[in-house]
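Visitor:
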Amino acid sequence: MVDKEVNILKEQIEKLEAKDFDLEAWKIYTINILERIFGSDSHKIEQLKELKYDFSSWSLRDTSGSTGSIKKKARVILESSVNELQQFGLPNIDAVKSENASEALLNVFEDELKGSQFKRLKEILKTIDLKQKKEQLSELFKELDNDEREALLINITLKM
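Taking my numbering, the leading residue of the sequence shown gets 15, the next gets one more, and so forth.
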């Protein structure tokens, strides 16, 4: 299964050496591939998006240098992606999405709760016993006034 992904990334590495290399077109294609393999939140995608030619007056004097360094960075990003796939296999994108959703929810609670309430929430979430966890969460939410509960629900809904 990983072979397809590795091969397509290796093809993108080879395209870096093409005479008619177009950085922006190459980035679009490569980002689409990486999103499919690693998910849209992958830091590899952000790294590729940051690759740009430097058109400052100093860099224009040495055009080969900027092109070479961009291609070198792109190569490193893709080679590390290939190595990651070969060593660890395909990532579980659903687990990553779930982790990101949990993080987003925690951010909402952190924004809406008082510091002590948020600290208490984090402690409650560490509780293993589900029944005890539910009781403690119920107590915490009962302490909130209607405006605070409404703000929490609105912001949680907006994160969906």
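Just so it is clear, CB atoms sit at the ideal spot from N, CA and C, and this is done for glycine as well.
#1: With DSSP as the reference, label Gly129 as helix, strand or coil.
#2: Mind checking whether Leu37 and Ile84 have CB atoms under 9 Å apart?
#3: Going by C-alpha distance, which of Thr141, Leu172, Glu126 and Ile138 is nearest Asn160?
#4: When you compare only the Cα positions, how much space is there between Arg134 and Lys86?
#5: For the alpha helix (DSSP H) containing Lys29, list its first residue and its last residue.
#6: So Leu144 is in the alpha helix (DSSP H); what residue range does that whole segment cover?
#7: Please list the terminal residues of the continuous alpha helix (DSSP H) segment that includes Tyr43.
Guide: Taking the geometry as given:
#1: helix
#2: yes
#3: Glu126
#4: 48 Å
#5: Val16 to Lys29
#6: Leu144 to Lys156
#7: Leu37 to Phe52
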